[in-house]
Amino acid sequence: MGVATTRAIVYHTSEDLRLEEVPLPALKPGELLVRIRACGLCPGEAMGWYMARKAPLVPGHEPVAEVVRTGEGVAGFAPKDRIFVHHHAPCLVCRFCRRGDYVHCATFRRTKLNPGGLSEFAVVPAEVVRADVLRIPDALSDEAATFVEPLACVVKAAHRAGIGPGDRVLVIGLGVMGMLHVLLASRLGAELVIGADRVSSRVSRATQLGADVGVDVTRDSLPDVVRARTDGAGADVVVVGPGTVEAIELGFACVASGGTLSLFTPTPPGVAWPFPVHDVYFREVTVVPSYSAGPPETKEALQLLAAGLPVEALVTHRYSLDGAAEGYRLVREATEALKVVVRP
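Reminder that position 214 of the sequence shown reads as 214 in full-length UniProt numbering, one-by-one numbering, no gaps.
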């Protein structure tokens, strides 16, 4: 089957997303031609400053796809296979890859699904086919499988922060990524999970998903609640979801001495957190950012999903390609929507 063009959503600005016909490259050796079955909308794609430097582009990097055709030399995949496709993949041999820092590999930064996940068809480059395409188990739904990439990012962040049995964990920001942190922290054996947000419905949802305590920060002092629930010590791990100095400082006010402050989202360029070196030093607080994920985390995420991590409860809205702009509007609004899934 030859496909020369595909319908796709093209992001020009946050207010200008167009359904267009875009070209597809000819299939090369080692590549896959796929049909996109479903794709989640990432909160990062709702950050205007982040997307502006890439536009115009076809967004969408949480796809579930079906193989249509395989390029010469492809082994292990065949037409009709249902697969997860990572939008980036490392070379696996450079210095960064050898030490497990896959996201800093030049190949990782360069590779991409062509044209993107919000399209009817796409071409998966050979580097991605070799390093980070996974067959999806039959029992796992398309919607659940759209969580492989976002859950992989959470898995990586949790491992970097050292979340484990007996930890007391605070998650600030209860969008879909915060909710995944709540689910994973419980699965990793956390003794106490506290979820905090400005939106009361999200706080309630987090407690339904397993958070021990939910805090509406518009009503209660988060540091006071955290100290009250941790014998005055603070949280062993604080995950800061929002990419704002306000959220980072709130997280720092809640972290225990010897604890870890996990920065899950970047601030816009040029925004600086006045780093409290004196307090960080004497309290021995570890500050750990976590960006994206590599092949080990996508494999672990798929295993967690196949084992029944209840992510489908996070899907709140479903659209066709024609509704993608409305889906992104809801993600930017950050109130009623958690996970938005588009089915091209």
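Built from N, CA and C at the ideal position, the CB exists for glycine as well. In this text the structure is predicted, and so the values were computed from the model without any measurement.
As DSSP reads the structure, residue 77 sits in no beta bridge. With contacts defined by Cβ atoms closer than 8 Å, residue 166 and residue 182 do not form a contacting pair. Looking from the CA of residue 33, the closest CA among 232, 115, 324 and 18 belongs to 115. Exposed is the label assigned to residue 98, since fewer than 16 other Cβ atoms lie within 10 Å of its Cβ. A residue is called buried once 16 or more other Cβ atoms fall within 10 Å of its Cβ, and residue 54, having fewer, is exposed. DSSP places residue 172 in the uninterrupted beta strand (DSSP E) bounded by 168-172. When secondary structure is reduced to three states using DSSP, residue 291 falls in the coil class, being assigned neither helix nor strand. By the neighbour-count criterion, in which a residue is buried when 16 or more other Cβ atoms sit within 10 angstroms of its Cβ, residue 132 is buried.
Residue 248 sits in a helix when the DSSP states are folded into three classes. Note on the segment 253-303: whole alpha helix (DSSP H) runs with a minimum of 4 residues are 277-283, in chain order. Cβ atoms of residue 255 and residue 235 come within 8 Å of each other, at about 6 Å.
Taken through DSSP and simplified to helix, strand or coil, residue 84 comes out as strand.
As a beta-bridge residue in DSSP terms, residue 70 pairs with 32. In the DSSP assignment, residue 343 falls outside any alpha helix (DSSP H), carrying neither H nor E. DSSP, read as helix, strand or coil, puts residue 238 in strand. Three or more Cβ pairs closer than 8 Å define a contact, and the segment 93-107 meets that threshold against the segment 287-298. Residue pairing by DSSP puts residue 197 in a beta bridge opposite 216.
Between the segment 81-90 and the segment 56-72 there are three or more C-beta pairs closer than 8 Å, enough to call the two in contact. Note that the C-beta distance between residue 283 and residue 320 is not below 8 Å. Rounded to whole angstroms, residue 150 and residue 246 show a C-alpha spacing of 24 Å. Inter-residue distance for residue 228 and residue 117 is about 45 Å (C-alpha atoms, whole angstroms). The Cβ atoms of residue 239 and residue 259 lie no closer than 8 Å to each other.
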